[in-house]
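*Asks:*
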Amino acid sequence: MARRTICRFAANGFDSTLRAPSGVPPFVYTEQDQRVTTQADPHVEFEDIAKSYDGRVMAVQGLNLSVRRGEFLSLLGPSGSGKTTCLMMLAGFETPTAGAIRIAGRSVHALPPRKRGIGMVFQDYALFPHMTVEDNLAFPLDVRGIGRDRRGELVDRALKLVRLEGFEKRRPGQLSGGQQQRVAIARALVFEPELVLMDEPLGALDRHLREELQYEIRRIHRTLGVTIVYVTHDQQEAMVMSDRIAVLRDGMVEQVAAPEALYEEPERSFVARFIGENNRLHGRVATVDGDVCDVKVGAQVVRGYRVVDCRPGDPVTLSIRPERITLHPEPGVFSNQFDAVIEHITFVGDHLRIHMETCGRADFVAKISNVVGQGAVLEGDEIRVGWTAADCRVLDYGGAEGAV
Amino acid sequence: MRRGRDWRPQLRAAGLALPLVAFVGVTFVAPLATMFSRSVYDAVVADALPETLALLEGWDGESVPGEEVFAAAARELMRAQEERVIGQVAGRVNRVQGGMRSIVAVTGRRLAAAPDGSWRETFVGIDPAWGEAGTWHALRTAGERYTSRHYLAAVDLRRLPDGSIARQEEDRRIYLRLFARTFLVSLSITGLCLLFGYPLAHFIAHAPPRRAGLLLALVLVPFWTSLLVRTTSWIVLLQGQGVINDILVALRLVSDDGRLALIYNMTGTFVAMTHVLLPFMVLPLYSVMRGIPRSHMDAAASLGAGPAQGFLRVYWPQTLPGVGAGSLLVFILAIGYYITPALVGGSTGQLISNMVAYHMQTSLNWGLASALGAIILACVIGLYLLYERLAGTEGVRVA
Numbered sequence: 029m030a031r032r033t034i035c036r037f038a039a040n041g042f043d044s045t046l047r048a049p050s051g052v053p054p055f056v057y058t059e060q061d062q063r064v065t066t067q068a069d070p071h072v073e074f075e076d077i078a079k080s081y082d083g084r085v086m087a088v089q090g091l092n093l094s095v096r097r098g099e100f101l102s103l104l105g106p107s108g109s110g111k112t113t114c115l116m117m118l119a120g121f122e123t124p125t126a127g128a129i130r131i132a133g134r135s136v137h138a139l140p141p142r143k144r145g146i147g148m149v150f151q152d153y154a155l156f157p158h159m160t161v162e163d164n165l166a167f168p169l170d171v172r173g174i175g176r177d178r179r180g181e182l183v184d185r186a187l188k189l190v191r192l193e194g195f196e197k198r199r200p201g202q203l204s205g206g207q208q209q210r211v212a213i214a215r216a217l218v219f220e221p222e223l224v225l226m227d228e229p230l231g232a233l234d235r236h237l238r239e240e241l242q243y244e245i246r247r248i249h250r251t252l253g254v255t256i257v258y259v260t261h262d263q264q265e266a267m268v269m270s271d272r273i274a275v276l277r278d279g280m281v282e283q284v285a286a287p288e289a290l291y292e293e294p295e296r297s298f299v300a301r302f303i304g305e306n307n308r309l310h311g312r313v314a315t316v317d318g319d320v321c322d323v324k325v326g327a328q329v330v331r332g333y334r335v336v337d338c339r340p341g342d343p344v345t346l347s348i349r350p351e352r353i354t355l356h357p358e359p360g361v362f363s364n365q366f367d368a369v370i371e372h373i374t375f376v377g378d379h380l381r382i383h384m385e386t387c388g389r390a391d392f393v394a395k396i397s398n399v400v401g402q403g404a405v406l407e408g409d410e411i412r413v414g415w416t417a418a419d420c421r422v423l424d425y426g427g428a429e430g431a432v
Numbered sequence: 019m020r021r022g023r024d025w026r027p028q029l030r031a032a033g034l035a036l037p038l039v040a041f042v043g044v045t046f047v048a049p050l051a052t053m054f055s056r057s058v059y060d061a062v063v064a065d066a067l068p069e070t071l072a073l074l075e076g077w078d079g080e081s082v083p084g085e086e087v088f089a090a091a092a093r094e095l096m097r098a099q100e101e102r103v104i105g106q107v108a109g110r111v112n113r114v115q116g117g118m119r120s121i122v123a124v125t126g127r128r129l130a131a132a133p134d135g136s137w138r139e140t141f142v143g144i145d146p147a148w149g150e151a152g153t154w155h156a157l158r159t160a161g162e163r164y165t166s167r168h169y170l171a172a173v174d175l176r177r178l179p180d181g182s183i184a185r186q187e188e189d190r191r192i193y194l195r196l197f198a199r200t201f202l203v204s205l206s207i208t209g210l211c212l213l214f215g216y217p218l219a220h221f222i223a224h225a226p227p228r229r230a231g232l233l234l235a236l237v238l239v240p241f242w243t244s245l246l247v248r249t250t251s252w253i254v255l256l257q258g259q260g261v262i263n264d265i266l267v268a269l270r271l272v273s274d275d276g277r278l279a280l281i282y283n284m285t286g287t288f289v290a291m292t293h294v295l296l297p298f299m300v301l302p303l304y305s306v307m308r309g310i311p312r313s314h315m316d317a318a319a320s321l322g323a324g325p326a327q328g329f330l331r332v333y334w335p336q337t338l339p340g341v342g343a344g345s346l347l348v349f350i351l352a353i354g355y356y357i358t359p360a361l362v363g364g365s366t367g368q369l370i371s372n373m374v375a376y377h378m379q380t381s382l383n384w385g386l387a388s389a390l391g392a393i394i395l396a397c398v399i400g401l402y403l404l405y406e407r408l409a410g411t412e413g414v415r416v417a
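Heads up: the protein sequence lines correspond to chains A and B, in order.
Note that the first sequence covers residues 29 to 432 in the working numbering.
Note that the second sequence covers residues 19 to 417 in the working numbering.
Below, the structure written as structure tokens:
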């Protein structure tokens with residue numbers, strides 16, 4: 029049965045793993061990811077956490093999240109989604125209004141920040157400007173009463189880890205932004221915490237440095253095996269770095285999954301919209317047949333893979349990745365094939381963006397690689413486009429096109 | 019391509035600053051220069067008695083001078099009497115040696131055109147003091163155009179007739195003690211301002227913006243209020259029949275006869291000056307503290323430091339420039355403070371500037387007033403240089 033084997037890997041010609049019906053992690057990824065997914069030892073647990081600053085507006089509500097030991101988990105969401113609040117509650121700078129936070133199985137409710145043993149990297153680095161790099165790194169060791177020799181050893185090791193040997197005597201003001209951030213990371217790691225929190229640490233850096241440091245942080249994570257909870261609003265950053273990503277919206281978790289799963293199998297229209305690019309079609313369910321359903325979009329009927337539980341007549345949103353759209357499909361290959369008019373073509377370099385009108389949407393985009401023979405189209409052409417039902421996910425009705 | 023540097027913009031900018039330069043020159047540099055010159059230069063006696071003083075150059079300093087000196091003195095004193103400068107001369111000589119005022123003035127009045135026998139006999143006849151060497155020493159000292167005697171007097175020293183420097187007589191030593199008191203009071207007031215101002219500045223700097231604005235306005239309102247209004251308000255509060263004493267009496271904490279002396283003494287000076295100078299401490303502290311992100315204390319806590327450790331090792335060191343700037347401002351202002359101690363200090367709460375004012379307005383010894391002023395100025399400049407040296411380039415500049 030075709031609909032039973034609907035799966036993006038099949039559609040893309042990969043060896044496939046069948047999707048489990050309940051939506052739990054279905055993929056066997058790299059060794060790294062497997063380690064994470066199979067290791068079910070929770071390091072941090074948020075249980076029914078709610079937080080309100082003023083007693084009326086809830087910054088976070090009904091939040092349940094479990095971070096595994098050794099995992100790199102990103103809290104991703106737009107500003108105001110509660111991700112920083114979560115981090116601050118975990119660090120101990122904010123107290124949850126309701127619910128419990130456990131670290132290594134132990135509730136930390138009554139524990140002040142300094143006793144939680146968490147390394148923290150702040151958005152503005154929070155390096156102490158009156159101390160040298162060395163003194164900044166020695167600070168957490170000093171307040172713990174660690175002896176001079178051991179202190180020097182740990183400081184050297186941390187500096188080496190972030191590749192800043194030779195900068196011991198500099199002051200933060202004499203370092204570049206990227207170097208300051210390395211110092212901040214080293215300081216959060218120098219006292220060997222098992223849990224490290226990072227609050228948009230790369231937000232203030234330019235793109236090139238950001239990418240470099242993303243790689244560095246990832247490398248450090250692999251080297252040390254510490255648990256990292258990372259807050260960012262940059263979905264690409266979260267995708268590149270994380271073992272798993274928790275997408276937050278309005279103080280609630282929308283979906284927690286590995287980057288690949290989030291991209292390929294968004295369970296909510298918000299996630300689909302927030303992670304990567306998507307074409308969105310709104311319509312009403314016509315028929316449901318197992319995992320597949322037909323959705324009436326305007327005059328057309330689009331076949332999609334059913335993610336949300338829906339019945340005929342329900343409003344839904346269909347989400348199709350631009351790179352999964354094929355131009356000039358052979359007749360009958362795809363379950364979805366429609367007429368389209370090319371509005372214009374943008375040359376991006378490694379790919380072309382084809383803006384077209386189809387299925388009643390004027391802002392439909394297809395991405396095709398910049399390879400000879402691909403997409404021989406011109407602006408104004410009337411062509412056929414197609415996509416598989418597996419690449420067309422039927423999600424909850426996401427409403428009008430709100431800004432993300 | 020133009021070669022070299024074009025100076026025209028700089029010249030234009032400098033031209034715009036000219037009015038200010040002129041203003042500062044007239045109102046600041048010129049008075050200061052006059053003050054300095056007055057503290058070392060005094061020509062009243064030298065101009066009035068040039069011949070006498072010239073003759074005294076050859077005097078041995080022990081015996082009574084010869085007849086020609088008396089003759090010259092007679093001529094010149096009579097002329098001074100005619101030109102009505104005798105009073106000024108008498109006053110100048112009097113500062114060198116007490117009692118000389120009336121001797122010189124009376125002599126000037128009683129001298130006649132012709133001597134009664136020798137001039138010497140005439141002088142001694144008018145006042146026997148003219149027959150003593152000390153009188154002529156005083157005259158000679160007062161006749162010096164350039165003199166260090168004001169500075170010596172300002173630090174309780176004097177020059178003996180033989181030229182050596184000795185301490186002032188016991189009962190005339192007042193200035194050193196007053197300097198010491200001024201320094202001590204200023205230091206204590208700086209300490210009090212820091213004690214009160216630091217937590218206040220911290221509170222304002224880290225309060226939510228709206229509340230911070232309100233609190234800052236509350237700090238600034240007294241700053242904008244007339245100094246006299248503030249000081250007299252303290253009189254209303256602190257005086258014997260004032261608000262505070264009335265409340266204490268009403269609460270039966272003190273008896274009606276035992277009302278506390280809170281004003282017209284050192285207590286009054288302390289209270290009023292601390293209040294008046296507090297904004298000068300709070301503002302630099304506030305500006306420094308506002309630049310310290312909250313994340314620093316959070317970072318200290320997350321790194322394992324307790325509140326005390328975090329404060330002492332992370333917060334306090336970062337506020338030191340503000341502490342230095344605020345303390346220096348308050349200390350310098352306190353050293354030169356005049357109005358408040360004059361109004362609420364009574365007799366025991368007077369500071370060195372009140373003595374300067376006294377010499378300017380009452381005793382008219384401008385030379386001594388200038389010398390005292392110059393010493394205060396030197397102390398302030400010295401302190402500032404010390405501060406610059408200690409704070410280096412990282413400190414907040416106050417000048």
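We put the beta carbon where it would ideally sit given N, CA and C, even for glycine.
Taking its Cβ as the centre, do 16 or more other Cβ atoms sit within 10 Å of residue 287 of chain A, making it buried, or is it exposed?
*Replies:* Residue 287 of chain A is buried by the Cβ-count criterion.
*Asks:* Using beta-carbon positions only, say whether residue 320 of chain B and residue 166 of chain A come within less than 7 angstroms of one another.
*Replies:* Result no, Cβ atoms of residue 320 of chain B and residue 166 of chain A do not sit closer than 7 angstroms.
*Asks:* Below 8 angstroms on the Cβ atoms is my guess for residue 350 of chain B versus residue 401 of chain B; work out the distance and round it to an integer in Å.
*Replies:* Residue 350 of chain B to residue 401 of chain B, Cβ: 7 angstroms. Contact.
*Asks:* Using only the alpha-carbon positions, how far apart do residue 81 of chain B and residue 109 of chain B sit?
*Replies:* Distance between the alpha carbons of residue 81 of chain B and residue 109 of chain B: 25 angstroms.
*Asks:* Can you confirm whether residue 322 of chain B, when its beta carbon is compared against all beta carbons of chain A, has any partner nearer than 7 angstroms?
*Replies:* Taking Cβ atoms only, chain A reaches closer than 7 angstroms to residue 322 of chain B, which makes this a yes.
*Asks:* Taking only three categories from DSSP, how would you classify residue 338 of chain A?
*Replies:* Residue 338 of chain A falls in the coil class under three-state DSSP.
*Asks:* From the DSSP output, which residues share a beta bridge with residue 184 of chain B?
*Replies:* Paired residues: B/176.
*Asks:* May I have the straight-line CA-CA distance separating residue 29 of chain B from residue 243 of chain B, to the nearest angstrom?
*Replies:* Their Cα atoms are separated by approximately 40 angstroms.
*Asks:* Inspect the CB distances between the segment 173 to 187 of chain B and the segment 374 to 382 of chain B and report whether three or more fall short of 8 angstroms.
*Replies:* Touching, no.
*Asks:* Could you give the uninterrupted runs of the beta strand (DSSP E) lying entirely in the segment 363 to 402 of chain A, keeping only those of 3 residues or more?
*Replies:* The segment 363 to 402 of chain A contains these whole beta strand (DSSP E) runs: 364 to 375, 379 to 386, 389 to 397.
*Asks:* Just the chain B side, please: which residues come within less than 9 angstroms of residue 171 of chain A by C-beta, in chain order?
*Replies:* Simply 318, 321, 322, 323, 324, 327, 328, 331.
*Asks:* When the Cα of residue 157 of chain A is compared with those of B/348, B/333, B/407, B/360, which residue comes out closest?
*Replies:* Answer by Cα proximity: B/333.
*Asks:* Less than 6 angstroms separating the Cβ of residue 73 of chain A from some heavy atom of the ligand ZN?
*Replies:* Judged by which ligands are present, the structure shown has none, so any question about the ligand ZN falls away.
*Asks:* Counting only the same chain and skipping the five closest in sequence on each side, list residues whose C-beta sits under 6 angstroms from that of residue 224 of chain A.
*Replies:* Closer than 6 angstroms at Cβ, skipping near neighbours: 147, 216, 254, 256.
*Asks:* So, at 7 angstroms on beta carbons, what are the nonlocal neighbours of residue 141 of chain B in its own chain, with the 5 sequence-adjacent residues on each side left out?
*Replies:* The residues are 88, 125, 148.
*Asks:* Under a three-way DSSP split, which group does residue 159 of chain B fall into?
*Replies:* Of the three classes helix, strand and coil, the one that applies to residue 159 of chain B here is helix, per DSSP.
*Asks:* Am I right that residue 394 of chain A and residue 355 of chain A are in contact with their C-beta atoms under 8 angstroms? What's the rounded C-beta distance?
*Replies:* With a Cβ gap of about 7 angstroms, residue 394 of chain A and residue 355 of chain A count as contacting.
*Asks:* Counting only Cβ pairs nearer than 9 angstroms, list the residues of chain A close to residue 302 of chain B.
*Replies:* Those within 9 angstroms of residue 302 of chain B in chain A number zero; the least Cβ separation is about 17 angstroms.
*Asks:* Given a cut-off of 7 angstroms on the beta-carbon distance, is the pair residue 296 of chain B and residue 215 of chain B in contact?
*Replies:* A contact, by the Cβ cut-off of 7 angstroms.
*Asks:* Applying the criterion that 16 or more other CB atoms from any shown protein chain within 10 Å of the CB defines a buried residue, is residue 198 of chain B buried or exposed?
*Replies:* Classification of residue 198 of chain B: exposed, given that the 10 Å Cβ count is below 16.
*Asks:* Would the beta-carbon of residue 74 of chain A fall within 7 angstroms of that of residue 129 of chain A?
*Replies:* Yes.
*Asks:* Please report the straight-line C-alpha distance between residue 367 of chain B and residue 195 of chain B, rounded to a whole angstrom.
*Replies:* Taking the straight line joining both Cα atoms gives about 13 angstroms.
*Asks:* Taking a contact to mean a Cβ-Cβ separation below 7 angstroms, would you say residue 352 of chain A touches residue 419 of chain A in this structure?
*Replies:* Their beta carbons are under 7 angstroms apart, which means residue 352 of chain A touches residue 419 of chain A by this criterion.
*Asks:* Starting from residue 315 of chain A, follow the beta strand (DSSP E) in both directions and report where the run begins and ends.
*Replies:* 307 to 317 is the span of the beta strand (DSSP E), which, as asked, contains residue 315 of chain A.
*Asks:* Let's see if you can read the secondary structure: which residues bound the alpha helix (DSSP H) around residue 304 of chain B?
*Replies:* Run containing residue 304 of chain B: 284 to 308, per the alpha helix (DSSP H) assignment.
*Asks:* Using the DSSP secondary-structure output, state which residues sit across from residue 226 of chain A in a beta bridge.
*Replies:* Its beta-bridge partners are A/149, A/258.
*Asks:* Quick check on residue 85 of chain B: buried or exposed, where buried means 16 or more other Cβ atoms within 10 Å of its Cβ?
*Replies:* The residue is exposed, with fewer than 16 neighbouring Cβ atoms inside 10 Å.
*Asks:* Taking CB distances under 7 angstroms as the criterion, tell me whether residue 148 of chain A reaches chain B.
*Replies:* By this cut-off, residue 148 of chain A is an interface position.
*Asks:* Compare the C-alpha of residue 213 of chain A against each of A/231, A/197, A/186 and name the closest.
*Replies:* It is A/186 whose Cα lies nearest to the Cα of residue 213 of chain A.
*Asks:* Can you pull the chain A neighbours of residue 336 of chain B, defined as C-beta to C-beta under 9 angstroms?
*Replies:* Chain A residues near residue 336 of chain B: 156, 157, 158.
*Asks:* Three Cβ pairs or more, each shorter than 8 angstroms: is that satisfied between the segment 295 to 315 of chain B and the segment 336 to 352 of chain B?
*Replies:* Verdict: yes, contact present.
*Asks:* Use the C-beta contact count for residue 173 of chain A: other C-beta atoms within 10 angstroms, 16 or more gives buried, fewer gives exposed.
*Replies:* With fewer than 16 Cβ atoms within 10 Å of its Cβ, residue 173 of chain A is classed as exposed.
*Asks:* How would you list, in chain order, the residues of chain B whose beta-carbon sits under 8 angstroms from the beta-carbon of residue 141 of chain A?
*Replies:* Result: 316, 319, 320.
*Asks:* On a Cα-Cα basis, can you pick out the residue from A/205, A/292, A/318, A/161 that is closest to residue 306 of chain A?
*Replies:* Residue 306 of chain A has its Cα closest to that of A/292, out of A/205, A/292, A/318, A/161.
*Asks:* Sorted by chain position, which residues of the same chain lie with C-beta nearer than 6 angstroms to residue 113 of chain A's C-beta, five sequence neighbours on each side aside?
*Replies:* Answer for residue 113 of chain A: 79, 87, 88, listed in chain order.
*Asks:* Taking 7 angstroms as the limit between beta carbons, can you name the residues of its chain near residue 70 of chain B, skipping five residues before and five after?
*Replies:* Around residue 70 of chain B: 87, 90, 91, 94.
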